[in-house]
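The block underneath contains the structure these notes are about, expressed in structure tokens.
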Amino acid sequence: MRSNKPKKALRRRGKSFLFAARGIAFAVKTQPNFCFHLLAILLVTEFGLLYHLEKGQWGLLVVFFCLIPALELINTALEGVVDLASPDYHPLAKAAKDCAAGAVLVAALGAVAAAVFLFGDPARLSIALGIFVTTPWMWCLLAAELIAAVVILLLPGKQSEHATPFFRKKHDKKEP
Numbered sequence: 003m004r005s006n007k008p009k010k011a012l013r014r015r016g017k018s019f020l021f022a023a024r025g026i027a028f029a030v031k032t033q034p035n036f037c038f039h040l041l042a043i044l045l046v047t048e049f050g051l052l053y054h055l056e057k058g059q060w061g062l063l064v065v066f067f068c069l070i071p072a073l074e075l076i077n078t079a080l081e082g083v084v085d086l087a088s089p090d091y092h093p094l095a096k097a098a099k100d101c102a103a104g105a106v107l108v109a110a111l112g113a114v115a116a117a118v119f120l121f122g123d124p125a126r127l128s129i130a131l132g133i134f135v136t137t138p139w140m141w142c143l144l145a146a147e148l149i150a151a152v153v154i155l156l157l158p159g160k161q162s163e164h165a166t167p168f169f170r171k172k173h174d175k176k177e178p
């Protein structure tokens, strides 16, 4: 008689990947910043290909390509848990959400700093930009990406009671 344990374990593992994919899909649907980071990853990848980055440089980019969306997912999860635990305004809830958002900001600023070092060689930058300027289909791709960026920036993000008052919708309650 054969055991079903390996099949059950495989099924459980498959379900855990499905749940993770659902979390990513939720972030794509509800978090404009998450989508903005994905678009930035696409743009940096395209530019890295034009720039002819080396393996180690790609490795550094991949770390940031994973770190920033992962922190956005953690930030989204923390916001949801805080909203459930503290539906009314509380300064500690706001501080927790601000700290999680700050973690994303620190990683994003680190990625920008790394990009300055990676793409800072004027000679290579000139060659990459020359390739871009002389390739018509790249202009079309850039136009589509810029349209996507504008759409993402115009998407309304979800608001919570703990949002900074400046960003809260007018009909939301104010801080006490």
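Under the numbering used here, the residues of the sequence shown are numbered 3 to 178, in order. C-beta: ideal position from N, C-alpha, C; glycine also.
Taking the beta carbon of residue i as the centre, do at least 16 other beta carbons fall within 10 Å, making it buried, or is it exposed?
| i | result |
| --- | --- |
| ASN6 | exposed |
| VAL84 | buried |
| PHE119 | exposed |
| LEU63 | buried |
| ALA145 | exposed |
| PHE36 | buried |
| VAL153 | exposed |
Rank the options by C-alpha distance to the C-alpha of residue i and give the top, closest one.
| i | options | result |
| --- | --- | --- |
| GLY58 | ALA27, ALA116, ILE26 | ALA116 |
| PHE66 | LEU20, VAL114, LYS31 | VAL114 |
| THR78 | ALA27, HIS92, VAL46, GLY112 | ALA27 |
| HIS39 | ALA110, GLY122, SER128, PRO124 | ALA110 |
| ILE70 | LEU86, GLY112, ASP90, LEU80 | GLY112 |
Ordered along the chain, which non-local residues of its own chain (more than five positions away) have a Cβ less than 8 Å from that of residue i?
| i | result |
| --- | --- |
| LEU2 | For residue 2 there is no data in the structure shown, the boundaries of the chain being 3 and 178. |
| LEU44 | GLU147 |
| LEU127 | TYR53, PHE121 |
| VAL30 | PHE36, CYS37, LEU40 |
| TRP60 | GLY50 |
DSSP on residue i, reduced to helix/strand/coil?
| i | result |
| --- | --- |
| ASP100 | helix |
| PRO89 | coil |
| GLY25 | helix |
| GLY112 | helix |
| PHE121 | coil |
| GLN59 | helix |
| ASN77 | helix |
| THR136 | coil |
Excluding the five sequence neighbours on either side, which residues of its own chain have a C-beta within less than 7 Å of the C-beta of residue i, listed in chain order?
| i | result |
| --- | --- |
| ALA150 | LEU41 |
Give me, in chain order, the residues of the same chain whose beta-carbon lies closer than 6 Å to that of residue i; leave out the 5 immediate sequence neighbours on both sides.
| i | result |
| --- | --- |
| ILE133 | LEU52 |
| ALA130 | LEU52, TYR53 |
| SER88 | ALA95 |
- Query: Are the segment 102-118 and the segment 60-75 in contact at 8 Å, needing three or more beta carbon pairs?
  - Reply: By the C-beta criterion, the segment 102-118 is judged to be in contact with the segment 60-75, since at least 3 inter-stretch pairs fall below 8 Å.
- Could you tell me whether the segment 50-57 touches the segment 92-104, using the rule of 3 or more Cβ pairs below 8 Å? The segment 50-57, when compared against the segment 92-104, does not touch it at the 8 Å Cβ threshold.
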